[in-house]
Amino acid sequence: MSTDPEIARLAACGVVPVVVIDEVEVAVPLAEALLAGGIDVIEITLRRPAAMAALEEVARRVPAILPVAGTVVTPAQAAQVRDAGARAVVSPGFSESVDAAMRATGLPWLPGVSTASDCMRAVEAGRLTCKFFPAEQSGGVPGLKALSGPFPQLRFCPTGGVSLANLGSYLALPQVACVGGSWLVPADAVTSRDWATVTRLSREARAKVAELR
């Protein structure tokens, strides 16, 4: 596995909340709610116009949490998230141009893989911690086990269909560093500013991780 301290921190947490933010003003209280539940990492996906500003707010105002930029799919976004304060980056797939841009930023990058060809490209590039995405649709635990056979040097963060109900099956695999999921931050909880629910779900997830480690 990568020796990057940021990736080690993702692995130590065990669960990475994948967050979609529509309003910048919810970013800080959302991050604080995750922290209150024992989760000290947050992946803010670039799926909404507010994402970059939200990432910057979290990086500036919540220093106890590790800000990760997700859904980075173009080389230009690599520099943008670095400037916004991201300390690690996740993508849904692998691209040589994004790989080159990420090297220029100096930030650790978890590219997305779901096939043997994806894994070969990641290994060739020296990217040894990858996002397995979409996890459940790509075969779930059996699919990940099959991919790991020819690529024992890779470690994964399965994301996509992962929940409290099945995260244990993934974390039980030695090749899994952590899991990612959106269930920790339900859209309705964010809309209603129900931070207590986010904290409760975070505590449940961290307790499950603790049981398995």
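Going by this note's numbering, the residue at position 48 of the sequence shown is 118; the numbering climbs one at a time, nothing skipped. Where a beta carbon is used, it is the ideal one built from N, C-alpha and C, also for glycine. Small disclaimer: the values here were computed from a predicted structure and weren't measured.
- Message: Buried or exposed for Ala192, going by 16 or more other Cβ atoms inside 10 Å?
- Response: The count along the sequence shown starts at 1 and reaches residue 192 at position 122. By the neighbour-count rule (16 or more Cβ atoms within 10 Å), Ala192 is buried.
- Task: Can you tell me which of the three DSSP states Arg225 falls into?
- Result: As a first step, residue 225 is located in the sequence shown; it is residue number 155 there, counting from the start. If DSSP states are grouped into helix, strand and coil, Arg225 belongs with the strands.
- State the DSSP-derived secondary structure class of Leu136, mapped to helix, strand or coil. Position 66 of the sequence shown holds residue 136. DSSP places Leu136 in strand when its eight states are reduced to three.
- To the nearest whole angstrom, what separates the beta carbons of Val279 and Gly84, a pair I think is in contact under 8 Å? Translated into the one-based positions of the sequence shown, residue 279 becomes position 209. Translated into the one-based positions of the sequence shown, residue 84 becomes position 14. Cβ-Cβ separation between Val279 and Gly84: approximately 4 Å, consistent with a contact (criterion under 8 Å).
- Glu113 by DSSP, collapsed to three states: which one? One-based indexing of the sequence shown puts residue 113 at position 43. DSSP places Glu113 within a strand segment (E or B) once states are collapsed to three.
- Task: On a CA-only basis, which of Pro145, Leu198, Phe164 and Ala101 is nearest Pro137? Give me that one, please.
- Result: The sequence position of residue 137 within the sequence shown is 67, counting from 1. Nearest of Pro145, Leu198, Phe164 and Ala101 to Pro137, Cα basis: Ala101.
- Query: Hey, how far is the Cα of Gln207 from the Cα of Val98?
  - Reply: As a working mapping, residue 207 is identified with position 137 in the sequence shown. As a working mapping, residue 98 is identified with position 28 in the sequence shown. Using only the alpha carbons, I get a separation of about 32 Å.
- Message: Can you confirm whether the segment 213–233 touches the segment 174–190 when touching is taken to mean that 3 or more C-beta pairs between the two stretches lie within less than 8 Å?
- Response: In short, these stretches touch, since the Cβ pair count reaches three.
- Task: Using alpha carbons as the reference points, say which of Ser187, Ala275, Asp92 and Gly238 lies closest to Asp258.
- Result: Numbered from its first residue, the sequence shown carries residue 258 at position 188. Closest option to Asp258, Cα to Cα, is Asp92.
- Nearest candidate by alpha-carbon position, reference Met122, set Cys248, Val246 and Gly155: As a working mapping, residue 122 is identified with position 52 in the sequence shown. Checking every option, the nearest Cα to that of Met122 belongs to Gly155.
- Query: Does any C-beta atom of chain B lie closer than 8 Å to the C-beta of Leu271?
  - Reply: Protein chain content of the structure displayed is limited to a single chain, and chain B is not contained in it.
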